[in-house]
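Novice:
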Amino acid sequence: MAPTKKAIAEAHQVGDKPTAIIAKTIKGNGVSFMIGENSWHKRVYTDEEYHQAMKELGGNV
13 MAPTKKAIAE AHQVGDKPTA IIAKTIKGNG VSFMIGENSW HKRVYTDEEY HQAMKELGGN
73 V
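Numbering follows my numbering, with no gaps: position 51 of the sequence shown is 63.
#1: Is it buried or exposed, residue 46, if we count other Cβ atoms within 10 angstroms and call 16 or more buried?
#2: Would a C-beta distance cut-off of 9 Å place residue 38 and residue 48 closer than the cut-off?
#3: Could you tell me the boundaries of the alpha helix (DSSP H) in which residue 21 lies?
#4: What three-state label does DSSP hand residue 50 in the structure shown?
#5: On the criterion of 16 or more Cβ atoms from any shown chain inside 10 Å, does residue 14 qualify as buried, or is it exposed?
#6: How many angstroms separate the CA atom of residue 68 from the CA atom of residue 57?
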């Protein structure tokens, strides 16, 4: 997360010009059944999938 925070801070310094931050990411990273699966951009998850994802991400359900 540190590189992202640094990029945002640097973008704020640009001033009134449009700024873009390009990040190379892994879709679904952190959730075993979502990693690299493009279908999650348009899919609705089930309650079971939600709970499993939150468990894998260490979130409170």
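Just so you know, even glycine gets a beta-carbon here, dropped at the ideal spot from N, CA and C.
Specialist: This is what the structure holds:
#1: Buried, since its Cβ has 16 or more Cβ neighbours within 10 Å.
#2: Contact flag set, yes.
#3: Start and end: 14 to 24.
#4: Under the three-state reduction of DSSP, residue 50 is assigned to helix.
#5: Per the 10 Å Cβ criterion, exposed.
#6: Computed Cα separation, rounded: 15 Å.
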